[in-house]
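Notes follow once the structure below has been shown.
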């Protein structure tokens, strides 16, 4: 746990709610520098107001847009340098339905955010991290990145893709960089409620989860490069 005693620059996508918000607040309280993004302008404004004076900044970014991520990443690295941690947390799921009933628009949304969004962030942050010879990339996977259920095929597809993308990237990264596909577990978020309905409330909430997840993420290193980690 040596890494936890240091102060890091941490980039988090999907920072306006759920796990991303819980992680942002946890890391800010621990005096790390947090740069977060999300698509909801009002929520981003609320976060910037709430954490004014802290080592944090939040930005409106659609990570499904390569150009938007390029602009954001360029500005972040001008202001803060390459991040120590890049947490590709942002994700969406489909409402439960038979695969043949999923529209092209619904399928594209899941793939554009979960896979392309992660790739856009890798494309525009990782080259500078390689040059700086530092950084841990954490791509948020899922239990459904290694198993499947009916009626959530687009989401399963995206998270199996994250597992493969992460493990392949891990083979390409020079030491001491690392890429880890991280399964956060089953947490009561809005996204979980979309799939589980009322039973989502039986699971722990993000504020409970983050007390285990935050320290674990900060402990990740080259030693677990390419390994699928479960929380």
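Numbering (the working numbering), first residue to last: 65 to 295.
Yeah, the Cβ is synthetic: ideal placement off N, Cα and C, and Gly gets one too.
Euclidean distance between Cα positions of residue i and residue j
i: residue 296; j: residue 98; result: Examination of residue 296 is not possible in this model, given that the chain is present from 65 through 295 alone.
i: residue 304; j: residue 222; result: Because residue 304 is not part of the residues shown, which for the chain are 65 to 295, the question remains open.
i: residue 103; j: residue 112; result: 14 Å
i: residue 96; j: residue 146; result: 14 Å
i: residue 148; j: residue 78; result: 18 Å
i: residue 231; j: residue 165; result: 31 Å
i: residue 70; j: residue 270; result: 24 Å
i: residue 216; j: residue 183; result: 22 Å
i: residue 234; j: residue 123; result: 28 Å
i: residue 142; j: residue 188; result: 13 Å
i: residue 250; j: residue 225; result: 19 Å
i: residue 81; j: residue 284; result: 23 Å
i: residue 132; j: residue 163; result: 30 Å
i: residue 119; j: residue 107; result: 18 Å
i: residue 126; j: residue 229; result: 20 Å
i: residue 212; j: residue 161; result: 14 Å
i: residue 94; j: residue 280; result: 14 Å
i: residue 282; j: residue 181; result: 22 Å
i: residue 117; j: residue 241; result: 31 Å
i: residue 109; j: residue 272; result: 25 Å
i: residue 287; j: residue 268; result: 29 Å
i: residue 72; j: residue 192; result: 16 Å
i: residue 190; j: residue 105; result: 26 Å
i: residue 74; j: residue 169; result: 32 Å
i: residue 41; j: residue 201; result: There is simply no residue 41 to check, as the chain begins at 65 and stops at 295 in what is shown.
i: residue 155; j: residue 236; result: 24 Å
Residue range of the unbroken alpha helix (DSSP H) whose run includes residue i
i: residue 115; result: Taken as a continuous stretch (DSSP letters only), residue 115 belongs to no alpha helix (DSSP H), as it is neither H nor E.
i: residue 200; result: It is not in any alpha helix (DSSP H) - residue 200 instead sits in the beta strand (DSSP E) that spans 200-204.
i: residue 190; result: 181-196
i: residue 218; result: 217-236
7 Å Cβ shell around residue i - same chain, five flanking residues per side excluded
i: residue 76; result: 84, 87, 88, 98, 100, 151, 153
i: residue 219; result: 157, 158, 174, 208
i: residue 238; result: 194
i: residue 276; result: 295
i: residue 278; result: 87, 90, 91
First and last residue of the uninterrupted beta strand (DSSP E) at residue i
i: residue 97; result: 97-102
i: residue 211; result: No beta strand (DSSP E) contains residue 211, which DSSP labels as neither H nor E.
i: residue 246; result: 242-247
i: residue 92; result: That residue, residue 92, is in no beta strand (DSSP E); its alpha helix (DSSP H) goes 82-93.
i: residue 73; result: 73-77
Spatial neighbours of residue i in its chain, beta-carbon cut-off 8 Å, leaving aside the 5 residues before and after
i: residue 298; result: Because the chain here runs from 65 to 295, residue 298 falls outside it and cannot be looked at.
i: residue 176; result: 128
i: residue 274; result: 83, 86, 87, 89, 90
i: residue 92; result: 98, 115, 118, 119, 120
i: residue 171; result: 158, 218
Contact set for residue i: own chain, Cβ-Cβ below 6 Å, skip 5 residues either direction
i: residue 130; result: 184
i: residue 186; result: none
i: residue 289; result: 234, 242
Would you check if there are 3 or more beta carbon pairs closer than 8 Å linking the stretch 118-137 to the stretch 195-203? no
Would you call the stretch 202-216 in contact with the stretch 238-248, where contact means no fewer than 3 C-beta pairs closer than 8 Å? yes
Please go through the stretch 107-177 and give each complete alpha helix (DSSP H) segment of 4 or more residues, from N-terminal end onward. 130-144, 168-175
What alpha helix (DSSP H) runs, 4 residues minimum, are completely inside the stretch 269-294? 270-283
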